[in-house]
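Asks: Mind looking over this structure? Questions follow.
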Ligand code: DC
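Below you can see the structure in the form of structure tokens.
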């Protein structure tokens, strides 16, 4: 039974994952990276070599796959048919193909079910994604919507990628981020939008710790 549920939504690079992880650690809560679910579904479809535009086929592929999302040492691990795919789902090719899963209502419904089942197993949980406060958990206790300038978000992504040894072209990254924002915000189902009762925080000039302190302050004031 979930006693405290906090949703964090926002565009790519707004800091959702880092904020959700640190906030969850401070609250002794679990966290759920729902983007990892969309990525895992896209990677599975890619591995089967099926036409990514063939939603009926993707439904079958997803239904016959065993996905496991677990928290280990403060990180979310992803297993696809018992094989670790935690790193692989971050591949830029997966990022480019995730839209095929994200824009299909029947596929989203499957992932939404997984997200609600995951949350139901935890007393306290911080979930992050695009539609957590609007569609998946409309009755969440606290809803946060994070934003940041596209240039700042590209800078953050570039730093992450560089730390992993990838070569980065920051202008191209910014273009990709803006493109993904457009796709996420304009899709018909569960678009990226702040819930009417969400608190929006612009993180452009805030450090991770400052964002988390702000959220903790909001929670305290509403207790
Ligand atoms: O947060 P991320 O970049 O790992 O998410 C990857 C993609 O998955 C993102 O471009 C849109 C999609 N997504 C979604 O549609 N709904 C969510 N709740 C989470 C992610």
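Numbering (our numbering), first residue to last: 13 to 235. Glycine included, C-beta positions come from ideal geometry on N, C-alpha and C.
(1) Starting from residue 49, trace the alpha helix (DSSP H) both ways and give me its first and last residue.
(2) From residue 135 to residue 21, what distance separates their C-alpha atoms?
(3) From residue 83 to residue 140, what distance separates their C-alpha atoms?
(4) Could you have a look at residue 232 and say whether DSSP puts it in helix, strand or coil?
(5) Between which residues of its own chain and residue 65 is the CB-CB distance below 8 angstroms, once the five residues before and five after are set aside?
(6) Which whole-angstrom value describes the C-beta separation of residue 25 and residue 169, a residue pair presumed to lie in contact below a C-beta threshold of 8 angstroms?
(7) With residue 87 as the anchor, note down where its beta strand (DSSP E) starts and where it stops.
(8) Which residues share a DSSP beta bridge with residue 17?
(9) Does the region 201–215 touch the region 154–169, meaning 3 or more C-beta pairs lie closer than 8 angstroms?
(10) Is it buried or exposed, residue 128, if we count other Cβ atoms within 10 angstroms and call 16 or more buried?
Replies: Checking against the coordinates, here is how it stands:
(1) 46–60
(2) 20 angstroms
(3) 14 angstroms
(4) helix
(5) 112
(6) 5 angstroms
(7) 87–92
(8) 137
(9) yes
(10) exposed
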